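Below you'll find the structure, written out as structure tokens, and then a few comments.
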Amino acid sequence: MSTQVAHRRNCSYATLQEIIDDATRLAAADAPVTGNWSKGQIFDHLARLIDYSLDGFSFQLPWFFRVLGKHYFKARILKNGMLPGIKLKGDAKNALSPESVDDQTGLEHLRLTIQRLISEPQRFPSPFFGELSREEWDLLHCRHAELHMSFIAEP
-6 MSTQVAHRRN
4 CSYATLQEII
14 DDATRLAAAD
24 APVTGNWSKG
34 QIFDHLARLI
44 DYSLDGFSFQ
54 LPWFFRVLGK
64 HYFKARILKN
74 GMLPGIKLKG
84 DAKNALSPES
94 VDDQTGLEHL
104 RLTIQRLISE
114 PQRFPSPFFG
124 ELSREEWDLL
134 HCRHAELHMS
144 FIAEP
């Protein structure tokens, strides 16, 4: 199924806790997905990006992507959110694409990483946006979650 034509629900997160609350609710209700990934894969993918923001990224993007990300896309994405259909390639795909994971395992990974994100002050530079403040990272994680969680339908 194309992620650009899949039915998506509207969701908006102002805090990291709202992500966990929504994910927990949707997992408990056995809500269906409308995209290509399972709920477990969605939760795990969100958790992986959070892990990398705390521990450092295992990949770097070419310089022109970093320049575009920092000077053109950063403000737009933080304000307006992310669009579906972006295809990761190379090392970024290997690092961030979720393998098959059951819903509860993915949810627990997400819950633990968000708890860590709330309690640990250190953040590493984004391979796409460069240096981000803690507040910008939190906002980016909310926008990222809005994109992927929109592919989980209301139960």
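Taking our numbering as reference, the numbering of the sequence shown is continuous, increasing by one, and the terminal residue is 148.
Beta carbons are placed, not taken as given, at the ideal position from N, Cα and C, and that holds for glycine.
Bear in mind the structure is a predicted one, so any value in this text is a computation, not a measurement.
- For His137, the enclosing alpha helix (DSSP H) stretches over residues Arg127 to Met142.
- A straight line joining the alpha-carbon of Pro148 with that of Gln34 spans about 18 Å.
- In this structure, the alpha-carbon of Leu125 lies about 8 Å from that of Arg116.
- The alpha-carbon separation between Ser112 and Ala146 amounts to approximately 30 Å.
- Val94 carries a coil assignment under DSSP once its states are collapsed to helix, strand and coil.
- Under the three-pair Cβ rule at 8 Å, the region 1 to 11 does not count as touching the region 81 to 93.
- About 17 Å separates the beta carbon of Leu133 from that of Phe36, a gap too long to meet the 8 Å contact definition.
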